[in-house]
Amino acid sequence: TTINVTIVADSKTTTLTTKALTVRDALSEASITLGQIDKVTPSEFTPLTQDTTITIVRVTEKFDVEEVIVPFEKQTVRNEGLPASESRLLQTGVNGKDEITYRTVFENGVQTSRAIVRRVSVKQPLAEIVMVGSQTTFIAIPITGTLSYLSAGNAWLMRLSSGSRKPLTTSGDLDGRVFSLAPDGKYLLYTRTTVISTTAASPTSAGLSNSLWAISINDPNAKPFDLKVKNVLWADWSPTAERTLAYTTAEPRATAPGWQANNDLFVLTFSTLGNVDKSTLALEASSGGVYGWFGTRFTWSPDGSRLAFSQADKESVHRLDTRWKIFIYRPSRTAHRNRIAGRQSHLRRCRARNRWIIRRIAHHARRHLGEPHALTRWKTDRLLASERASAKCD
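Sequential numbering of the sequence shown, starting at 1, is according to this note's numbering.
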């Protein structure tokens with residue numbers, strides 16, 4: 001059985017008498033070839049009926065690459081050392097450049113859409129930084145020693161008098177997570193926010209993003225040292241070793257609090273030129289126990305040989321040379337009261353056992369740490385026993 005179909009293609013209308021069963025067969029019989037992205041109505045595998053009209057839309061696409069100027073940002077840094085009416089240009093702004101790839105679609109020779117399919121940064125813009133004076137009238141106060149402080153994202157220094165203030169940095173990007181003056185007063189340790197450019201191909205999620213820096217405070221022409229450490233949760237100077245510090249890191253996360261702690265610990269030493277001489281892994285990365293994603297709190301011992309750290313479910317003293325640890329358990333007061341309610345005789349046995357365990361821990365502390373009071377510096381009024389021993393007092 002033959003049927004009549006109408007084909008509309010390439011600005012022409014053709015009537016075809018055919019025995020074809022589908023749209024595809026009819027187009028083949030009419031010697032009409034389709035492009036890869038051409039549109040056919042109805043679709044190619046639609047069965048034909050009498051007086052079917054087949055419409056073909058020729059679709060073409062074109063890709064264009066254009067360069068666009070990315071204007072630089074303007075940043076203002078306030079300086080209390082300048083009068084309020086003065087300003088100074090610290091850094092000249094420079095425009096950046098991006099390459100944008102467009103996809104343009106034409107249907108039957110008429111443009112129907114134009115969209116960005118790729119954006120690549122060819123040159124990053126350089127911000128213009130202007131220092132604006134904010135000096136006000138104040139009474140200078142004598143200071144014994146050196147005082148450093150953070151203001152408007154910059155590090156400032158006062159020595160001997162509050163009237164002798166000077167900026168140590170002018171970048172305006174200190175995040176305040178780490179800000180520590182060395183015990184000898186020669187260097188300042190701090191973290192800077194790391195700005196990561198985003199592209200359509202690799203979007204950047206929010207979260208912790210910083211880097212660790214140090215600067216000499218005695219050299220008036222000193223430049224900051226990049227210590228090549230990223231995503232720092234905590235860092236602090238050794239109380240005894242010069243230009244030596246410990247730090248722990250994390251991985252950025254888009255969800256609160258903005259990071260996933262690694263619960264690791266590194267000890268780093270750098271030279272007077274800012275080169276990292278030695279970086280030692282003191283604690284392997286771990287889950288950190290209960291709520292380990294938040295991180296571990298550390299503090300140096302006064303002699304610089306040990307680091308005490310605390311997590312949600314335990315506390316420990318870590319010796320850097322031997323890695324020997326004392327684990328201390330501090331039970332929940334509510335849970336402890338619930339366990340011993342109505343069991344006074346059992347409580348007396350637990351107390352006697354715990355006193356013996358604590359004496360054993362103190363004995364090992366004196367033996368390994370060489371200080372009779374080494375344990376008492378970290379214990380609390382709720383100290384009962386070690387983690388292993390506490391399980392026996394349920």
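Each residue gets a CB set at the ideal place from its N, CA and C atoms; glycine is no exception.
{"Check": "Tell me the DSSP secondary structure of Arg-348 in three-state form.", "Outcome": "With a pLDDT of only 48 at Arg-348, under 50, the local geometry of the prediction cannot be trusted, and the value read off the model is given with reservation. Looking at Arg-348 - three-state DSSP - the assignment turns out to be helix."}
{"Check": "Is it the case that the Cβ atoms of Leu-268 and Ala-282 are separated by a distance below 8 Å?", "Outcome": "no"}
{"Check": "Okay, do the segment 101-109 and the segment 123-131 touch, 3+ Cβ pairs below 8 Å being the bar?", "Outcome": "no"}
{"Check": "Return the CA-CA distance between Ala-246 and Thr-280, expressed in angstroms with no decimal places.", "Outcome": "9 Å"}
{"Check": "Going by the CB atoms, is the gap between Glu-80 and Ser-161 shorter than 8 Å?", "Outcome": "no"}
{"Check": "Which residue's Cα is closest to the Cα of Thr-18: Thr-2, Asp-219, Arg-177?", "Outcome": "Thr-2"}
{"Check": "Would Val-398 and Val-178 be called neighbours here (beta carbons separated by less than 8 Å)?", "Outcome": "Coverage of the chain is limited to positions 1 through 394, which leaves residue 398 absent and any answer about it impossible."}
{"Check": "For Leu-160, name the three-state secondary structure that DSSP assigns.", "Outcome": "strand"}
{"Check": "Using the C-alpha atoms, what's the distance from Ser-28 back to Asp-10?", "Outcome": "15 Å"}
{"Check": "What does the Cβ neighbour count give for Ala-84, buried or exposed, with the cut at 16 atoms within 10 Å?", "Outcome": "exposed"}
{"Check": "Could you tell me which residues DSSP pairs with Gly-133 in its beta bridges?", "Outcome": "Asn-79"}
{"Check": "In terms of residues, what are the limits of the alpha helix (DSSP H) holding Ser-28?", "Outcome": "23-29"}
{"Check": "Which value, in whole angstroms, describes the spacing of the CA atoms of Leu-48 and Val-8?", "Outcome": "15 Å"}
{"Check": "Does the distance from the C-beta atom of Asp-236 to that of Trp-156 stay below 8 Å?", "Outcome": "no"}
{"Check": "Check this for me: beta carbons of Arg-78 and Val-132, under 8 Å apart or not?", "Outcome": "yes"}
{"Check": "Could you tell me the alpha carbon to alpha carbon distance between Asp-51 and Asp-38, rounded to whole angstroms?", "Outcome": "23 Å"}
{"Check": "Please state if the CB of Asn-218 and the CB of Lys-166 are separated by a distance shorter than 8 Å.", "Outcome": "no"}
{"Check": "Under three-state DSSP, which class holds Lys-19?", "Outcome": "coil"}
{"Check": "Nearest by alpha-carbon distance to Leu-21: which of Thr-46, Lys-97, Gln-36, Val-40 is it?", "Outcome": "Thr-46"}
{"Check": "Can you tell me where the beta strand (DSSP E) with Thr-52 in it begins and where it stops?", "Outcome": "52-57"}
{"Check": "On the DSSP bridge assignment, give the partners of Ser-310 in chain order.", "Outcome": "Arg-297, Glu-315"}
{"Check": "Just reading off the beta strand (DSSP E) that Gln-260 is part of, what are its end residues?", "Outcome": "259-261"}
{"Check": "I think Glu-67 touches Glu-99, with their Cβ atoms under 8 Å apart; what is that distance to the nearest whole Å?", "Outcome": "6 Å"}
{"Check": "Thinking C-beta only, is Val-65 closer than 8 Å to Asn-95?", "Outcome": "no"}
{"Check": "Hey, could you find the ends of the beta strand (DSSP E) Val-267 is sitting in?", "Outcome": "265-270"}
{"Check": "So, is the C-beta of Thr-191 closer than 8 Å to a C-beta in chain C?", "Outcome": "In the structure shown, chain C cannot be found, because there is only a single protein chain."}
{"Check": "Around the C-beta of Ile-56, are 16 or more other C-beta atoms found within 10 angstroms, so that it is buried, or is it exposed?", "Outcome": "buried"}
{"Check": "Pro-142: which of Arg-159, Gly-153, Arg-58, Ala-127 sits nearest, CA to CA?", "Outcome": "Arg-159"}
{"Check": "Under 6 Å Cβ to Cβ from Glu-44, same chain only, skipping five residues before and after it: list those, please.", "Outcome": "Val-23, Arg-24"}
{"Check": "Using a Cβ-Cβ cutoff of less than 6 Å, which residues in the same chain neighbour Lys-230 once the five nearest sequence positions on both sides are dropped?", "Outcome": "Ser-211"}
{"Check": "If you measure between the beta carbons of Ser-310 and Arg-319, is that distance less than 8 Å?", "Outcome": "no"}
{"Check": "Which class does Phe-45 belong to by DSSP, given the choice of helix, strand or coil?", "Outcome": "coil"}
{"Check": "Express the C-alpha separation of Val-59 and Gln-36 in angstroms, rounding to a whole number.", "Outcome": "9 Å"}
{"Check": "DSSP state of Leu-168, grouped into three classes?", "Outcome": "coil"}
{"Check": "In chain order, what residues of the same chain have a beta carbon less than 7 Å from the beta carbon of Ser-216, not counting five sequence neighbours either side?", "Outcome": "Lys-186, Tyr-187, Ala-222"}
{"Check": "Tell me whether Ala-26 is buried or exposed, calling it buried when 16 or more other Cβ atoms sit within 10 Å of its Cβ.", "Outcome": "buried"}
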